[in-house]
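Chemist: Sequences listed follow chains E and Z, in order.
The working numbering numbers the first residue of the first sequence as 4 and each following residue consecutively.
The working numbering numbers the first residue of the second sequence as 1424 and each following residue consecutively.
Backbone N, C-alpha and C define an ideal beta-carbon position, used for all residues, glycine too.
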Amino acid sequence: MNNPLRAIWEYLKEISGENAYDRYLALHTATHPGKPPMTRGEFYRHRQDEKYSNPGSRCP
Amino acid sequence: MGNRLGRYAIWVGVAIVGAVCWGMLALARGETVNAGWLLFAAIASYAIAYRFYARFIQTKVLETDDSRATPAERLNNGRDFEPMDKRVLFGHHFAAIAGAGPLVGPVLAAQMGFLPGTIWIIVGVILAGAVQDMTTLFFSLRRDGKSLGQMAREEIGPIGGAAALIAVLSIMVILLAVLALVVVLALAESPWGSFSIAMTIPIAILMGIYLRFIRPGRVLEVSAIGVALLILAIIGGGWISESSPFAGAWTFSANEITFALIAYGFIASVLPVWVLLAPRDYLSTFMKIGTIVLLAVGIALTLPAMEMPRVTAFAFNGQGPVFAGSLFPFVFITIACGALSGFHSLIASGTTPKLIQKESQVLPIGYGAMLMESFVAVMAMIAATTLDPGIYFAMNAPATVLGDTVQSASQAVNGFGYSVSPETLQQTANAVGEDSIIGRTGGAPTLAVGMSAIFAQVTAFLGAGLQAFWYHFAIMFEALFILTTVDAGTRVGRFMIQDLVGNVWRPFARTSWLPGNLIASALIVVAWGYFLYAGVNDPQGGIYTLFPLFGIANQLLAAVALTVGTTILIKMGKLRYAWVTALPLAWDAAVTLTASWQKIFSADPLLGFFAQRSAAIEAARNGELYGNATNQADVQQIITNSTVDGILSILFATMIIIVILDAARVWFGLIFGDKEPEMSEAPWEESHLDSEGREIAEPVGARS
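#1: Could you tell me how far apart the beta carbons of F1537/Z and M1818/Z are, in whole angstroms, since I believe they sit closer than 8 Å?
#2: Output yes if chain Z places a C-beta closer than 8 Å to the C-beta of L28/E; else output no.
#3: For L1641/Z, which residues in chain E fall below 8 Å Cβ to Cβ?
#4: For V1456/Z, name the three-state secondary structure that DSSP assigns.
#5: So, does the region 1609 to 1616 of chain Z touch the region 1849 to 1860 of chain Z, judging by three or more C-beta pairs under 8 Å?
#6: Any contact of the region 1575 to 1587 of chain Z with the region 1530 to 1549 of chain Z, i.e. 3+ C-beta pairs under 8 Å?
#7: Can you tell me whether DSSP reads L1598/Z as helix, strand or coil?
#8: Would K2098/Z be called buried (16 or more neighbouring beta carbons within 10 Å of its own) or exposed?
#9: Would you kindly work out how many angstroms separate the C-alpha atoms of T1847/Z and G20/E, rounded to a whole number?
#10: Check the DSSP bridge columns for E2109/Z and list the partner residues they point to.
#11: Does the CB of R48/E have a neighbour CB from chain Z at under 8 Å?
#12: Who are the near neighbours of S2127/Z in its chain, counting only those whose CB is closer than 7 Å to its CB and skipping five residues on each side?
#13: Classify G1713/Z: buried if its beta carbon has 16 or more other beta carbons within 10 angstroms, exposed otherwise.
#14: As an exercise, report each continuous alpha helix (DSSP H) stretch of at least 4 residues that is fully enclosed by the region 2021 to 2103 of chain Z, in chain order.
#15: Could you check the C-alpha separation between Q1890/Z and G1873/Z for me, to the nearest Å?
#16: Secondary structure at E1857/Z, three-state DSSP: helix, strand or coil?
#17: Kindly list the residues whose CB is nearer than 6 Å to the CB of Y24/E, restricted to its own chain and excluding five residues on each side of it in sequence; keep chain order.
#18: Pairing CB atoms from the region 1554 to 1570 of chain Z with CB atoms from the region 1771 to 1778 of chain Z, are three or more of them under 8 Å?
#19: D2118/Z bridges to which residues according to DSSP?
#20: Does DSSP classify Y47/E as helix, strand or coil?
#21: Scan the region 1492 to 1522 of chain Z for residues whose Cβ lies nearer than 8 Å to a Cβ of chain E and list them as they occur along the chain.
#22: On the three-state DSSP scale, how would you describe V2123/Z?
#23: When the cut-off is 8 Å and only beta carbons count, does E17/E lie next to chain Z?
#24: Could you pull out every residue in the same chain whose Cβ sits closer than 7 Å to the Cβ of L1946/Z, ignoring the five residues on either side in sequence?
#25: Name, please, each residue of chain E whose Cβ falls closer than 8 Å to the Cβ of L1700/Z.
#26: Closer than 8 Å, CB to CB, is R1635/Z near chain E or not?
#27: Taking only runs that begin and end inside the region 1726 to 1814 of chain Z, name each unbroken alpha helix (DSSP H) of 4 or more residues, in chain order.
#28: Here's a check: name, in chain order, each residue in its chain whose Cβ is nearer than 6 Å to the Cβ of T1487/Z, leaving out the five neighbours to either side.
#29: Roughly how far, in whole angstroms, is the beta-carbon of I1770/Z from the beta-carbon of A1519/Z, given that I think they are within contact range, below 8 Å?
#30: Name the residue from A1438/Z, A1495/Z and V1443/Z whose alpha carbon lies nearest to the alpha carbon of E2108/Z.
#31: Between G1552/Z and A1762/Z, how many whole angstroms is the CB-CB distance? I'm expecting something under 8 Å.
#32: Touching or not, the region 1508 to 1527 of chain Z and the region 1794 to 1806 of chain Z, by the rule of three or more beta carbon pairs under 8 Å?
#33: Restricting to Cα atoms, I'd like to know which of T1725/Z, S1664/Z, D1910/Z and M1731/Z is closest to V1456/Z.
#34: Using 8 Å as the threshold, is the C-beta distance between V1605/Z and G1862/Z below it?
#35: I'd like the list of long-range same chain contacts for R1635/Z, defined as Cβ closer than 7 Å, with 5 residues on each side in sequence excluded.
#36: Run through DSSP, which three-state label would T1714/Z get?
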């Protein structure tokens, strides 16, 4: 279980936002039971638009 | 007890290693110094600073409180506010602060030798840069993730706040122009570079479609595909540069690339983000982290010797061909991002504070990530100074000084007091697959030559001739994330303009309103496009003229952040510890204001913009040429540029003086008057998360 390669893979999935949808799903079912959640596609499109509609700055 | 002794012994050991390495750097006899000493001097210094100084700031000055709920916990909405694992957030924060600045700055500062720049990169980050990042992050964290501008307005006052806002916008324009200039100078007359960078546009569009419609959210697989295509584009560029009809078609002049870049910046700002910006963001982040790791491994494996002297004569006479001015203040201006960068305060008061789980995590994320950035700058310094100084100066002096041929460049380098044979210059150009490396200013090509030499040595077992691939790999890596900054920066500038004008005329503030979008995008693109065009066509050399301005602007923003930090510390009743931000502020203000003073008032036409202006006007009146001008149009160009740049210097210096004076008024009111401090800190609320972000039943520790 403590495979370092696996740990790196999990880290990459976390940092790239790949499992953001899974976390959203868990939060959604916990807080809004009964309301249908967004699909994976809807979720990412929504998140991407949201993220860049108010961009912070970045370093040169 | 034994355990404690052991810990002391380790830290004493680290201190001794650090001291020995510094000693070797400063004093060792012999022709050259090995880069290994520099590497270990840096690591030992960072370790001690992190363990002792940063910990002191965290526990004594800021008094972080892990029983206090962070905005991410209190305002968790699963979108912008969300507690994020500290290791993941560290990665995000580092990726956001690490840009081209820490790579380009040290390369240019190397004209004064490797030691002055290196000392400032390491000492500066420990006492100033990392402190700024960490304190700004903490103060924004206590204020629900407010931006630096908002904090300046609330903690100092409307005047200081407005000056801070104008400073941010004008700095953005200069920043974009200088970064775009670096790309133009790296790609001009290089079919290989132009082709592979142009290919990133279709690659990004492909990735964008894939990510949005085909496999939504599968970031890792699309990034893997993108990186593979990128490598193919670099290899393809090599073929293009060798086949005669294509090589000609892909060879562009600096002005052609300038206009292509301006058009590109406008289109990228207007288009929806998923088409270009978002996929390019993923691509450049992975390339950036990957290449930095590669460079660290490469340097550790090859341990090259640094050929550049410790200190060159240019440190004292201020006559350097890369940028004018002597060590103080210009080495501190030029290093910029690797030691102290005002831009980080925009990130530390933007996205990151909304995602932190625990207050104590400002130590690894604020201070720690900045130490990493400084380490990147150290590696850039190593890569640049392992080059033969003759090659370094032949690449970094303005093209107008060096002439067109390897012979003239060799002679010019002799004039600087270094020597390089015309044959060596030609061989170096051939090895990296370019026609010429003369006058390739901007830092990126120099770094790429240095990096490619290190990588080629590591991959020598795969066969010779890989240096050209690695050179273009390095150019691609730098150009890619500079272009990402140009995309994103143009967009940020567009939003700022829409916001500013929106205060006067409402509809303009709606970011989805197309005419507002088009006008604001055009305004910001024209602004940086003007400076880019002026830089590309500056007879004195665009980097020579504009880079100091960029450095001053960046350090000025740092002064704003440190001023806000000092104000908040005093308001928190921490006057005793206010020196933590006040000392770096005093130093930074001295550096930026001295540099501004010299740029505005110096009588030396090489240094002062207005002295240059009068000298050029005088020359024009007598019908003579001035500086590196070859005709009267060039002289007129010099007059215009020095006027505009001089006015900009005045604007920058005025803004910083206003911010500091307005803050000093607040400080005196607090210290000597009996004014009650008004703080806009969010109220204390108990945290229900443990240090790993898990929900807990019992509170973390009762607050007394």
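Modeler: Well, looking at it:
#1: So it is not a contact: roughly 16 Å between Cβ atoms.
#2: With 8 Å as the cut-off, L28/E does not count as an interface residue toward chain Z.
#3: Sequence check: residue 1641/Z is Arg here, not Leu. Per Cβ cutoff of 8 Å: E21.
#4: strand
#5: Contact between the region 1609 to 1616 of chain Z and the region 1849 to 1860 of chain Z is present, because at least three Cβ pairs lie under 8 Å.
#6: no
#7: helix
#8: Exposed is the call here.
#9: Going from the Cα of T1847/Z to the Cα of G20/E covers about 48 Å.
#10: R1491/Z
#11: yes
#12: Residue placement at S2127/Z is poorly supported in this model, since its pLDDT is 38, which falls under 50; the coordinates still yield a value, given next. Contacts found: none.
#13: exposed
#14: 2032 to 2044 and 2055 to 2094
#15: 10 Å
#16: Of the three classes helix, strand and coil, the one that applies to E1857/Z here is coil, per DSSP.
#17: R43 and F46
#18: Touching, yes.
#19: Note on residue identity: the sequence assigns Glu, not Asp, to residue 2118/Z. Bridge partners of E2118/Z according to DSSP: L2112/Z.
#20: helix
#21: From the region 1492 to 1522 of chain Z, only G1501, R1502, D1503, D1508, R1510, V1511, G1514, H1515, A1519, I1520, A1521 and G1522 have a Cβ closer than 8 Å to chain E.
#22: With a pLDDT of only 48 at V2123/Z, under the threshold of 50, the placement of this residue in the model should not be trusted; the figure read from the coordinates follows. Per DSSP, reduced to three states, the secondary structure at V2123/Z is coil, with no helix or strand assignment.
#23: yes
#24: Here the set comprises I1920.
#25: Y55
#26: yes
#27: 1737 to 1740, 1750 to 1758, 1765 to 1771 and 1792 to 1808
#28: These residues qualify, in order along the chain: Q1481, E1782 and S1783.
#29: 5 Å
#30: Minimum Cα-Cα distance from E2108/Z among the listed residues A1438/Z, A1495/Z and V1443/Z corresponds to A1495/Z.
#31: 5 Å
#32: yes
#33: Nearest of T1725/Z, S1664/Z, D1910/Z and M1731/Z to V1456/Z, Cα basis: M1731/Z.
#34: no
#35: W1697
#36: helix
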